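For reference, the structure is listed below as structure tokens.
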Amino acid sequence: MLDKGVPSTFANLKHLYTDTSKLTTLPKLVEVYIERLATSTVELPKQNGDTSKGASAAFYFLAQHYNYYLSRDLDKAIEYIDKALELEPNSVDFHMTKARIWKHYGDPKKASEIMEQARVLDTRDRHINTKAAKYFLRNDDNEAAIKILGLFTRPETVGGALADLHDMQCMWFLTEDGKSYARQGKLGLALKRFTTIYNIFDVWQEDQFDFHSFSLRKGQIRAYVEMIRWEDRLRDHPFFSGAALSAIELYLKIHDKPLSNGMNGTGEDTPEDAVERKKAAKKARKEAQKAEREALAKKNEANKVVKDADGETKKKDDDPDGVKLAATTEPLTDAMKFLNPLLQFSPKSIDAQIAGFEVYIRRSKFSNNCFLNITKL
Amino acid sequence: MKCLLAAAALDNEHPKVHEQIVRFKLAIDEDGKALPAQSAEVIKSEFTLLPSSGKLSDFNEDYLSKRKDSVKHTLSALTVRRLLSPASTSDVEKSVAELIKKPSITFEEAKDGLKLLESWKSGEVESYRSSASSKWPKAQIFESKDISLAVR
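Here it is in structure tokens:
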């Protein structure tokens, strides 16, 4: 496989790593292979100018081996991937692995830079485009991520790349973008993204009604029955659970420490904030008053119907930054919106139960819930 | 309680479950008098996650001594110790900061420790950061706040 430069060699073999003897044997075999190539006592594989075979494939395997969680040694991993890149400097896969190594080092900035180098090597590949955008989001560089994703969205969409990603219900992006904003303390924007995911699941539930008559008319009974079953467990999807858990965490944060500026302020209470708090509060009050005036002026304009290039009608979002979501006066009630389906459809998730406890204990509902449940039995 | 019992049934050893058991007991003791008698009776009969006799602090110390090799469980027990005895805050913070010296500590566990100290606004944060950054020199998260702000 190394002779042929099969890119998935490590992926095909890593399932053997649960056995410690195999875990130690495999890299040794590859090292022997590299030594053999170096001494050149045997005939080298025919490469026909293809440098991704032989030694570079072996270095690539070792880099992946030392990057894998069961055999991690990141310094060795970076050493091997650099050797592989010396032989094959234009390999997208090698760059991607190097970015992953930096991610495991805990340096998302460097990782995103290297993933971007990989993307530039093949700008027409959607997979690497997505990866680069994700790495930018993990580095909290939301603007750069949108810019890159914009290369694959419809340019004529009203509202740009972000609006198109919403239209396409691009859930991985919404989740990562929300988590990134949450890390930055921009709770409004983060809640906006998680609420969008909640709404997408609502849309799916609503959309099923179109298929009842359609499936029966077409006689696709099996597909219809499958759809009925899918509907029953729609919200046990990991995308929903992930967004719901993140949203609940944010609402708990808002409950424990209401935002001083009521919008996308930092949730953290650092000493610098304490010094600046009065200033910021004053500024925020002014901004809030200004926003209120603008909102009043645009009242008739809000939810106004706009048309995109295809003539399709769209509703204008009157709270694009999630200011209203973050300014909630009842964060625990809002958290319940996410918690109820979570507990109903993912009862075996310990994270869901832990989140449930956190919400109920703050609502002082330690008796009623269990009492009702027990009396029903 | 329903969530707590469900979580305990799923994984009784989960560090968060230990923390929540103690918090639930404290909440019940505090607000128990305001509860209707029927509810209090149900809670008493259903909430069996704590030993019937003995102090909460003993329960916590027992938990800690049994799982002292696990960083996550130790963090949970130290959080509970701080909750039960606010006077011990500085000692608890020092104990959390000491965890970074454990040879078996993982990157994720180190991040949890930092998060905990930051949430307590502990004075140990900077020393913890420097110890962690010597262990993981390339990790941005353990860089001193001043440095990371300058870089950005």
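Top to bottom, those sequences are chains A and B. For the first sequence, the positions run 1 to 377 when this note's numbering is used. For the second sequence, the positions run 1 to 152 when this note's numbering is used. Every residue, glycine too, gets a C-beta built ideally from N, C-alpha and C. Small disclaimer: the values here were computed from a predicted structure and weren't measured.
**Asked** Looking at C-alpha atoms only, which residue of B:ALA34, B:GLU61, B:HIS14, B:ALA139 is the closest neighbour of B:ARG82?
**Response** B:GLU61
**Prompt:** Quick one, are the C-beta atoms of A:ARG193 and A:PHE152 less than 8 Å apart?
**Reply:** no
**Message:** When you compare the stretch 97 to 114 of chain B with the stretch 39 to 56 of chain B, are there three or more beta-carbon pairs, one atom per stretch, that lie closer than 8 Å?
**Reply:** no
**Request:** Would you check if the distance between the CB atom of A:ASP321 and the CB atom of A:GLY188 is smaller than 8 Å?
**Result:** yes
**Request:** On a CA-only basis, which of A:GLY160, A:LEU250, A:ARG119 is nearest A:ALA183? Give me that one, please.
**Result:** Rather than Ala, the amino acid found at residue 183 of chain A in this sequence is Arg. It is A:LEU250.
**Request:** Quick one: list the residues of chain B neighbouring A:PRO347, beta-carbon separation under 8 Å, in chain order.
**Result:** ALA6
**Opening and closing residue of the alpha helix (DSSP H) in which A:PRO341 lies** = 331 to 345
**Asked** What is the rounded straight-line gap between the Cα of A:GLY265 and the Cα of B:PRO86?
**Response** Low confidence applies to A:GLY265: its pLDDT is 49, below 50, so where it sits in the model is not reliable, and the reading given next is rough at best. Distance between the alpha carbons of A:GLY265 and B:PRO86: 30 Å.
**Prompt:** Just by C-beta distance, which residues in the stretch 352 to 365 of chain A are closer than 7 Å to chain B?
**Reply:** GLN353, ILE354, GLY356, PHE357, TYR360, ILE361, SER364
**Request:** Could you have a look at B:HIS18 and say whether DSSP puts it in helix, strand or coil?
**Result:** helix
**Message:** Which of the three DSSP states is assigned to B:ILE100 in this structure?
**Reply:** coil
**Item:** Residue from A:LYS4, A:ASP236, A:GLN169, A:TYR60 with nearest C-alpha to A:VAL203
**Value:** A:GLN169
**Message:** Just checking: is the beta-carbon of B:ASP29 within a distance shorter than 8 Å of some beta-carbon in chain A?
**Reply:** no
**Request:** Tell me where the alpha helix (DSSP H) around A:PHE357 begins and ends.
**Result:** 350 to 362
**Request:** Return the first residue and the last residue of the alpha helix (DSSP H) that B:CYS3 is part of.
**Result:** 2 to 10
**Prompt:** With A:ALA132 and A:ALA118 assumed to form a contact (beta carbons below 8 Å), what rounded beta-carbon distance in angstroms separates them?
**Reply:** 7 Å
**Request:** Output, in sequence order along the chain, the residues in the stretch 130 to 146 of chain B whose CB is closer than 7 Å to any CB in chain A.
**Result:** TRP136, LYS138, ALA139, GLN140, ILE141
**Asked** So what's A:LYS22 in DSSP terms, helix, strand or just coil?
**Response** helix
**Message:** Residues of chain B with CB closer than 7 Å to the CB of A:TYR105, please, in chain order.
**Reply:** LYS138, ALA139
**Asked** Checking contacts by CB at 8 Å: is B:ARG23 closer than that to chain A?
**Response** yes
**Message:** Is B:PHE59 close to chain A? Criterion is C-beta to C-beta, closer than 8 Å.
**Reply:** no
**Message:** Would you call the stretch 134 to 146 of chain A in contact with the stretch 201 to 221 of chain A, where contact means no fewer than 3 C-beta pairs closer than 8 Å?
**Reply:** no
**Prompt:** Between which two residues does the alpha helix (DSSP H) containing B:GLU124 stretch?
**Reply:** Taken as a continuous stretch (DSSP letters only), B:GLU124 belongs to no alpha helix (DSSP H), as it is neither H nor E.
**Request:** Can you tell me which of A:SER346, A:ASP317, A:ARG363, A:PRO258 puts its alpha carbon nearest to the alpha carbon of A:ALA379?
**Result:** For chain A, the structure presents residues 1 to 377; residue 379 of chain A sits outside this window and is missing.
**Message:** So B:LYS16 contacts chain A; which residues on that side make the cut at Cβ distance below 7 Å?
**Reply:** ILE354
**Asked** Where does A:SER241 land, buried or exposed, given buried means 16+ other C-beta within 10 angstroms?
**Response** buried
**Request:** Check whether the Cβ of B:LEU49 lies closer than 8 Å to any Cβ atom in chain A.
**Result:** no
**Request:** Using beta-carbon positions only, say whether A:PHE380 and A:THR9 come within less than 8 Å of one another.
**Result:** Because chain A here runs from 1 to 377, residue 380 of chain A falls outside it and cannot be looked at.
**Asked** Would A:ALA355 pass as a contact of A:ILE197 if the rule is Cβ separation under 8 Å?
**Response** no
**Asked** Given a threshold of 16 other Cβ atoms within 10 Å of its Cβ, counted over all protein chains shown, does A:THR123 qualify as buried or as exposed?
**Response** exposed
**Request:** Report the neighbours of B:ASP158 on chain A: residues whose CB is nearer than 8 Å to its CB, in chain order.
**Result:** The displayed coordinates of chain B run from 1 to 152. Any statement about residue 158 of chain B would go beyond what the structure contains.
**Buried versus exposed, by CB contacts within 10 Å (16 or more), A:ASP178** = Strictly speaking, residue 178 of chain A in this sequence is Gly, with Asp absent from that position. A:GLY178 comes out buried.
**Contact between the stretch 10 to 23 of chain B and the stretch 54 to 72 of chain B (3+ Cβ pairs under 8 Å)** = yes
**Item:** Any non-hydrogen atom of the ligand GDP closer than 7 Å to A:ARG217 Cβ
**Value:** No copy of the ligand GDP appears in this structure; indeed no ligand is present at all.
**Prompt:** Using a C-beta cutoff of 8 Å, does B:LEU10 count as contacting chain A?
**Reply:** yes
**Message:** Any beta carbon of chain B sitting closer than 8 Å to that of A:LYS109?
**Reply:** yes
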